[in-house]
Amino acid sequence: MSVLRALGARLRALLSGSAEDRELEEELRFHLEAEAQRLERSGISAREARRRAHLSFGGYDRIVEEAREARGCALLENIGRDVRIAVRGLQRTPGFTAIVVLTLAIGVGATTAVFALASSLLLRPIPGVRDSAELIVVQLVDANGTIAGLSHANIADLRAGSPALAGLAGYSTRTMQSATPAGPSEVVATIVDGDYFGVLGVSPQRGRRFNEQELAADAAGDVVMISDRLWRSRFSGATNVVGRTIELNASPYTIIGVAPAGFHGTLRTGATDVWVPVAAYGRMWHRPIDASDRRTSISDELVGRLSAGASAGVAQQQLRSVMRSFVRSHPDANAHLAEYSLDVHEGIGLEVGARAHTTRTLRLLLGVVLVLLVTACANVANLLLSRGVTRRGETAVRSALGASRGRLVQQHVIEGLVLSLIGGAVGILFALLLQRGLEGQQLLDLPAIESIPIDASVITFAFASALLTGVLFTVLPGLLSMRRALAGRLRRLGRASSHAGAELRGALTLLQVATSITLLIGALMLVRTVRNLERVDVGFDATEVLAFGVTPAPQGYGVEEARAFNLRLLAAVSALPQLQQAALATFPPGAAEGMMSRLSVPGSDRAAVQVATNEVSSSYFETVGIPVLLGRSFTTTEQDLALDAQPGVVLSRTVAERLFGDAGPVGRVVQVAGFTGTTQQVVRGVVDDIRSHPRAGPLPAAYLPIGSSSLSQSHVLVRSTLPLEEAERRIGQVVANLDPGIPFFVAESLGDAVRRSIAEERLLARVTAVFAALALLLAAIGLYGVVAWSVAQRRREIGIRMALGARAASVVRLVVGQSLRLGITGGIAGIAGGYALSRVLAHRMFGVTPVDPVTYMLALVGFSAVALVASAVPASSAAAVDPADTLRQE
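Start counting the sequence shown at 18; every next residue gets the next number (this note's numbering).
Rendered as structure tokens:
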């Protein structure tokens, strides 16, 4: 209570300080007058009596200050006074204030934008999830990085045999079709095996979670939980949504709950719309599937919650032990799992396969933006040093009048705080602009960045970094200017110069030059990488080719029915006007690796080849521009053969060379072993290789006629000059005429798909280029400031030189030479920094080496041009010095 009373007393003293000061002044005047009257009565003159009275009481101002300190409010009053002084001082120099604030805003804003991106991908908690630090992700991965699924029974064994886990649930993501008043659409569905929401600690905002009966393998599988986004978009946020039905894959599902707002699964970048229990898997595909069969592997990943005191390492040991047990106990269903390793990963929010790469990318962006922040800080320090020189007289006068060094430092700190707060506020606005530029961009295989929230943590980070950099780089110039402005130098203020200050300004300018050249080299290397990737021949002609996806199976089509639908669709699309060519394919060219199969030559000792298998129509190669090198493509008759026929296979050049060497492959027989079985096919032809990514090598591929397997999905590929929207409308009408319940699930040009494959490289190049341009701007400002300050200090010398016969051109060379010397010295350091950065970027570069001379030359030439522009104005000012004025002043 005594502390509270003291705080209350100080607050009252602060609020009533003016009244108490007036009372104190009146009391002091009373005592002074009384003492002066006493001395006058002793025979002293009135003037002498008042002087002695003042001496006996001491300094009037000292007594007032001591009284304020006794009330405990002097510090606060001084701070308030310094804030007012700082604001007035900044208002008197609007140009200086604007440059410092904008410099801080650039550095702080860029850093805040990248921090917000990192926070949204790595740090932001998933809404609704309880104690996410206790969660783990479990995967089965082989040596090639392929993930194996787990059956309902296997997951039950893992759950029962791992006491280190308080809960364990499986899940996988699929796409489902849904009928809406506006037409068919697609939704992202997560199939859950076990108490998924219980493990995550997620409570629905409406309704309930799946109960034990609904999670059983033999349940009806006709219930669903929907996301908040789907609830609001499809059902307009109706309060009676629980109990209503939603059509998914042409089957009705009863809504039992609505997930919390912002929750879309275990990923921060997830987009799940609905959750269904594992028993719904067969219902989804309109065929009987026994979810209790150990051979039915549905879940791609598991999520678990650690028991109290348990660690992820212990949980991994227990899970591996259980896995070895059921592999031995059920070899008919689990023998293939012996090739897989069960791995436990702590935390959720980001796909396991993308965590390391995404973290490295974000660290790179943070490193780049910190270099920009250092450049901004050096610029601010340089500006404040120059300001300190102009304020040296003011500082010296304050010191001579008794202001302590601590008091002067406090004033500089307060001014730095004011600048930092303004710079932080403007920096947040700048971060919002950068945020809009980052939205829609893509990192690796993550979904495109929809939004980067600027929340309380991001705002706190922005102001904290602004205050730290602002105050840190305000105190040092303040101390230096005070050291040069103490008593004893008052009489030489007019000509005083700070050699130490000049050296520090030069060093800070060199730092700005070096960091800007470092970023410029990195940006040039990334930009050239993108240019090189864009020039790579991917093996097919992506220009003017549009891809649309249709999948009739979710609407209840069987294999034969789906194949017949696809052929009718191809015929109808081919008849449309303004479409040059049309084809069907299970996968568009270069889309991942399609279905994987193993090809071998019967009776040959050559090793089998792993290939990406794609089912295509007879017009596929002509439509997408893949050259036929040997033999021929499929005929229309072969395309229309039944499933049990053997119409043949077309090989890519790489596969043909591996299987047959220099021998002719056309007419030879190959064995195709895929997940639907093993067949023998005759090689009809050989086509050129394609690439799944500009960085990737030739993709080993085999092509079969459309409908050769039980897969019913397909892509319509058309070559047309029509805009994407118009082509989509026309083909959509064709699909609607055939079956209005089937939606498109892909609609894009192949050119966009190829460009999307290098989206991350393009994002890094753009961000680094923007930051390098900002760093160059700051370095140019710093260089201009140093050269201009030097010209101002050397005006007397320049005037004397010109009076002795020096020409304006030689003066310009003198000034520009100083700028170039700073640029060359900083450039050497910048080249070293650029080389270090290029080593970090080495694994991201393509067609560019860390010692690429063209890049370094471009960076130096570019900065030299900036340096010449920055020194042009000071050089002109120096050339305009009037020698007569200089001589008159002397």
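Think of the CB as a built atom: it goes at the ideal place given N, C-alpha and C, for glycine as much as any other residue.
All of these numbers come straight from a predicted model, not from anything done at the bench.
Note on geometry: alpha-carbon atoms of A255 and R249 lie some 8 Å from one another.
When beta bridges are read from the DSSP output, W292 appears opposite T207, M242. In the structure shown, the three-state DSSP call for A625 is coil. Assignment of beta-bridge partners to P201 by DSSP yields A196.
When the Cα atoms are used, I841 and L402 turn out to be separated by approximately 23 Å. With a beta-carbon spacing of about 5 Å, M242 and G274 fall inside the 8 Å limit used to define contacts.
Taking the Cα of E743 as reference, the smallest distance to any Cα among L596, S731, A196 is reached at L596. Inclusion of L646 and V700 in the CB contact set at 7 Å is not warranted, their separation being larger than that value. Assigned with DSSP and collapsed to three states, Y357 falls in coil, not helix or strand.
Among the bridge pairs identified by DSSP, L721 is matched with E632. DSSP places M612 inside the beta strand (DSSP E), whose first and last residues are 612-617.
Under the DSSP assignment, I748 falls outside any beta strand (DSSP E), being part of the alpha helix (DSSP H) whose first and last residues are 741-755.
The segment 120-133 and the segment 294-302 do not touch, with fewer than 3 CB-CB distances between them shorter than 8 Å.
With fewer than 16 other Cβ atoms from the protein chains shown falling within 10 Å of its own Cβ, D349 counts as exposed. Shortest Cα-Cα distance from S731 to any of Q333, A570, A629, L56 involves A570. By the Cβ criterion, the segment 227-245 is in contact with the segment 269-284, since at least three pairs of Cβ atoms, one from each stretch, lie closer than 8 Å.
The residue among G224, V293, T163 with its C-alpha nearest the C-alpha of M193 is V293.
Distance from the CA atom of I431 to the CA atom of G444, rounded to whole angstroms, is 19 Å.
Per DSSP, the continuous alpha helix (DSSP H) segment holding H169 begins and ends at 169-177.
Counting along the chain, the unbroken alpha helix (DSSP H) around L587 starts and ends at 576-591. Counted as a single uninterrupted DSSP element, the alpha helix (DSSP H) harbouring I123 occupies residues 111-135. In the three-state DSSP reduction, F651 falls in the coil class, being neither helix nor strand. Classified as buried, A559 has 16 or more neighbouring CB atoms from the shown chains inside 10 Å of its CB. One Cα belongs to A170, the other to L780, and the distance between them is close to 44 Å. H732 carries a strand assignment under DSSP once its states are collapsed to helix, strand and coil.
Distance check between S635 and each of T603, L185, L755, Q627 places T603 closest, using alpha-carbon atoms only. The beta carbons of D317 and S189 sit closer together than 7 Å.
Taking a C-beta distance under 7 Å as the contact criterion, P221 and A276 qualify as a contact pair. If you check the CB distance, L839 and T526 come in under 7 Å. By the CB criterion at 7 Å, A540 and T785 fall inside the cutoff. Bridge partners of P269 according to DSSP: E264. Just measuring C-alpha positions, the residue of D554, R101, Q697, P594 sitting nearest G714 is D554. With at least 16 other beta carbons inside 10 angstroms of its own, G124 counts as buried.
In this chain, the beta strand (DSSP E) harbouring V703 covers 694-704. Each residue's CA atom was taken as its position, placing L379 and A133 some 11 Å apart. With contacts defined as CB atoms closer than 7 Å, G864 and N549 qualify as a contacting pair.
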